[in-house]
Each structure stands twice: as C-alpha cells, then as structure tokens.
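Numbering (the working numbering), first residue to last: 1306 to 1539.
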Amino acid sequence: MSGLIAGYAGRVDYHVFLRQKIIIFSEAMKKYLGKDFTCEISVDTKPLAEKSLAAFSGLGSIGLNSCLLCEGEGSGTCLGILALDIELPEMDPVDFAAPCSTCGKCAEQCPTRAITGKPGEFIYRRCRSYLTMEKKGVLEKDEAALLGDWIFGCDICTSLCPGSDIPPPFKADLEWLLFEKDSIVEEVLKDTALEYPGIMLLRRNALAVLENREAPKARELAGKALADIKMEKR
C-alpha cells in the first residue's frame, strides 16, 4: 500500500545543490568584478519573498498557481538568493508575461481548489504542498482529507504549466514509512528534499493518507499506527 511523493523529492536536495551552485557563482563574480564582497545565500532558509523578488527583478512573472513562471521553463524553477553588500549595474528586465490568461489548466485541475483562477488569489491553506511540508502540528480532519494520496508535495499545477519539465511523482510504501526503524528511514531520506520536513511530519502525512482510504488493510494499518505513541498526531 503506497502514497505519492512529488518527483523532485527523489533527487538530490535542491537546497544543497542550488546553494553549491550559488557559492561557485559568487566566487566567479569576485574574479569578474576584481573585488571582494560579503554575501548571504538563501535557498528557502531565510524569511525572504523569493518569488516576489525574482518577479520584481524581471526574471519572470507570478502565475495563477502562485509560482514564478520563467520564459521557456514553466513554473518548475527552484529559486535561490545571493545578497551582496556592493552595488551592481542594473539589468534590463526580461519582457515576459505569464500565459495564464489564455491557459488556466492549473485552476481547472487543482484537486483542492487552492488555485482559484483569479490573478493574485491563492488559498495556500488548501494547497497540498503547504499542508504536507509547511503545516506543523496536527492536521485538522478537513486538512487531512485534502491530502488524498499525497505524502509529500503535489506538483500537479506545475506539471500542467506550459514549458515545465518536471519528473513524475513516485510511490512510497506507507507501512515501511510508518513502522521501519527511525535510523533506517532517516538514512534513506538523507540528502533529499524529504529530509526537510523530517520523519515525524512525513509519518503524520502517511497516516492521513491511510485514513483517507476505506480499504480494510488501510484501516488496519492506521489503527496500528495510532496505537503506537510515536504515531500520534501532534
């Protein structure tokens, strides 16, 4: 019995990969400019509005799914920030407008209706990616129901976005995730994006997936998990 995980989570953690690339880029900048500078790097690690800053900088525009759309790349781009203590010459912004007004596929097929189809309106509390990664503590009954079969992420909207090329979701064994030794699960999660939410959040989500199903086996596993104090929703 399995649940779904967004495809990108099976790759090397983009937090680590992108940070390494930004470090290399910053060193190249120092050589190019012929001067040293102090910098700060953020890849989802600081309270910064990466998408808004990227759009303001002219790298793309915000789509109906609240993600940054880049020309020819869709909305599957990962963002990182390199903040410097020196001024740089201004660049001409990219002249690109998101094609959302003539598309709307993400709003039509969003399973939780987090995407309303109205520009600038996105109900993040209904988004599976938010619920499975960012929402801490207990999932309310209606929130757990929104997860459907998803343990981590969603990416349906991104996969529908013109130009996006993202890996498909993959399946994870729910029983293994819930009952395998912590050390073994953590070793498997190591250096992937699944390490970010942590084992307990993933198990909370896995339990919600089981509770969304009517099959006797799902009910049996959910009952077994709830009987284990480590699996209590908290």
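Just so you know, even glycine gets a beta-carbon here, dropped at the ideal spot from N, CA and C.
Treat the numbers as computed from the prediction; the structure is a model and nothing was measured.
Cβ-based neighbour list, residue i, same chain, cut-off 7 Å, excluding 5 preceding and 5 following
i, result
"Ala1527", "Leu1512, Leu1515, Glu1516"
"Gln1610", "The chain is shown only over 1306 to 1539; residue 1610 falls outside these bounds and no answer can be derived."
"Ala1314", "Phe1457, Gly1458, Thr1497, Ala1498, Leu1499"
"Leu1309", "Asp1454, Trp1455, Ile1456, Pro1474, Lys1476"
"Val1490", "Leu1482, Ile1504"
"Leu1451", "Thr1417, Arg1431, Arg1433, Leu1436"
"Glu1304", "This structure leaves residue 1304 out entirely; the chain is present only between 1306 and 1539."
"Gly1422", "Leu1369, Gly1409, Ala1412"
One or two residues paired with residue i in a DSSP bridge
i, result
"Phe1475", "Ile1310"
"Trp1455", "Leu1309"
"Thr1437", "For Thr1437, which the question treats as bridged, DSSP gives no partner whatsoever."
"Val1317", "Thr1497"
Pick from the options that is closest to residue i, judged by C-alpha positions
i, options, result
"Phe1342", "Ala1311, Ala1360, Glu1392, Tyr1313", "Glu1392"
"Lys1446", "Arg1509, Leu1369, Ala1523", "Arg1509"
"Ser1362", "Leu1384, Pro1352, Glu1378, Glu1519", "Leu1384"
"Lys1522", "Leu1479, Pro1502, Phe1475", "Leu1479"
"Gly1468", "Ala1360, Val1317, Gly1381", "Gly1381"
"Met1396", "Asp1390, Leu1364, Gly1409, Pro1424", "Leu1364"
"Lys1351", "Ala1532, Glu1519, Ala1388", "Ala1388"
"Met1438", "Thr1407, Asp1400, Pro1502", "Pro1502"
"Asp1400", "Cys1375, Glu1492, Lys1326", "Cys1375"
"Gly1379", "Thr1463, Ile1327, Ala1520", "Thr1463"
Residue i versus residue j - alpha carbon distance
i, j, result
"Ser1488", "Ser1347", "28 Å"
"Phe1484", "Met1505", "11 Å"
"Cys1405", "Cys1344", "35 Å"
"Ala1449", "Ala1402", "35 Å"
"Glu1500", "Leu1494", "5 Å"
"Ser1371", "Ile1420", "8 Å"
"Phe1427", "Leu1369", "7 Å"
"Ser1434", "Leu1323", "20 Å"
"Leu1353", "Pro1398", "21 Å"
"Ala1412", "Tyr1337", "44 Å"
"Asp1390", "Pro1472", "37 Å"
"Pro1429", "Gly1339", "Sequence inspection shows Tyr at residue 1429; the Pro mentioned does not correspond to that position. Cα-Cα distance, rounded: 44 Å."
"Asp1318", "Gly1312", "12 Å"
"Ala1532", "Lys1486", "16 Å"
"Thr1407", "Glu1525", "47 Å"
"Asp1349", "Lys1335", "24 Å"
"Met1541", "Ala1520", "As displayed, the chain neither begins before 1306 nor continues past 1539, which places residue 1541 out of reach and without an answer."
"Ile1279", "Asp1470", "Residue 1279 is absent from the structure shown; the chain starts at 1306 and stops at 1539."
"Val1321", "Pro1424", "32 Å"
Close-in-space but distant-in-sequence residues of the same chain around residue i (CB under 8 Å, 5 per side omitted)
i, result
"Leu1358", "Ile1386"
"Ala1360", "Ser1366, Ile1367, Leu1373"
Residues near residue i by beta carbon distance below 6 Å, same chain, minus five either side
i, result
"Gly1377", "Gly1468"
Quick check for students: name the residue ranges of the alpha helix (DSSP H) that lie wholly in the region 1394-1435, counting only runs of 4 or more. 1410-1414
Which parts of the region 1341-1389 are runs of the alpha helix (DSSP H), unbroken and 4 residues or longer, counting only runs that do not cross its ends? 1355-1361
Jot down the residue ranges of each uninterrupted beta strand (DSSP E) in the region 1494-1523, minimum 3 residues, whole runs only, in chain order. none
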